[in-house]
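**Q** Sharing a structure below in structure tokens format, with a few things to ask.
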Amino acid sequence: MTLLSEFELHEDAPVYQGTASPEAIEITVGKLYSEVVHRYSTYEAVVRSHFCQRMREAYGDDENLDPEVQYAFAFARHTYDYVSEEELLEIEAEDSNNGICSHGLNWLTCPCGCFEVD
Numbered sequence: 004m005t006l007l008s009e010f011e012l013h014e015d016a017p018v019y020q021g022t023a024s025p026e027a028i029e030i031t032v033g034k035l036y037s038e039v040v041h042r043y044s045t046y047e048a049v050v051r052s053h054f055c056q057r058m059r060e061a062y063g064d065d066e067n068l069d070p071e072v073q074y075a076f077a078f079a080r081h082t083y084d085y086v087s088e089e090e091l092l093e094i095e096a097e098d099s100n101n102g103i104c105s106h107g108l109n110w111l112t113c114p115c116g117c118f119e120v121d
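First residue of the sequence shown: 4, per our numbering; consecutive thereafter.
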């Protein structure tokens with residue numbers, strides 16, 4: 004796995020200012036993402052929602068708690084498209100308005116019955 008700290012940082016890349024190892028944080032976040040991708044490999048929306056949930060479980064809800072947590076969330080946003088719970092709800096609402104279920108699929112392709120009405 005190539006770490007963000009090994010790249011020449013771009014203007015929008017997160018800058019680590021804490022005391023722990025940025026590489027260790029990047030590896031931890033990468034492992035969280037890898038676990039989710041392995042489990043939900045074909046559902047992009049499910050990968051996104053579960054990765055974001057795992058990040059909050061690992062680092063808490065306060066993205067600004069301390070420099071390590073700030074960097075973890077900034078790295079996750081930059082590298083794996085992390086979004087906050089509020090942002091995720093907005094994305095899911097927009098998807099729903101466009102006929103996309105929480106699995107990222109439409110009524111023709113979702114095997115979970117998201118569009119079935121009783």
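Note that CB positions come from ideal geometry on N, CA and C, so glycine has one too.
If you drop the 5 nearest sequence neighbours on each side, which residues of the same chain put their C-beta closer than 6 Å to that of S8?
**A** The pLDDT assigned to S8 is 47, lower than 50, so where the model puts this residue is not dependable, and the model offers no usable value.
**Q** Find the nearest neighbour of V50 within the set G116, L108, S99, N67, judged by alpha-carbon distance.
**A** Comparing Cα positions, the closest option is L108.
**Q** Cutting at 6 Å between CB atoms, please list the residues of its own chain near A75, excluding the five before and the five after it.
**A** Excluding positions up to five away in sequence, the list reads I28, V32, Y62.
**Q** Kindly list the residues whose CB is nearer than 8 Å to the CB of D121, restricted to its own chain and excluding five residues on each side of it in sequence; keep chain order.
**A** Confidence at D121 is low in this model, with a pLDDT of 46, below 50, so its placement is unreliable and no value can be given for it.
**Q** Rounded to a whole number of angstroms, what is the C-alpha to C-alpha distance between M4 and Y36?
**A** Because the pLDDT at M4 is just 44, under 50, the model does not fix this residue reliably, and the value given afterwards should be weighed accordingly. Near 12 Å, if we compare the C-alpha coordinates of Y36 and M4.
**Q** Classify A96 as buried or exposed, calling it buried when 16 or more other Cβ atoms lie within 10 Å of its own Cβ.
**A** Result: exposed.
**Q** Work out the CA separation of T112 and E60 for me, nearest whole Å.
**A** Rounded to the nearest angstrom, the two C-alpha atoms are 30 Å apart.
**Q** Since L127 and C55 are thought to touch, with beta carbons under 8 Å apart, how far apart are those beta carbons, to the nearest angstrom?
**A** As displayed, the chain neither begins before 4 nor continues past 121, which places residue 127 out of reach and without an answer.
**Q** Measure the C-alpha to C-alpha separation of Y43 and P70 and round it to an integer number of angstroms.
**A** About 30 Å.
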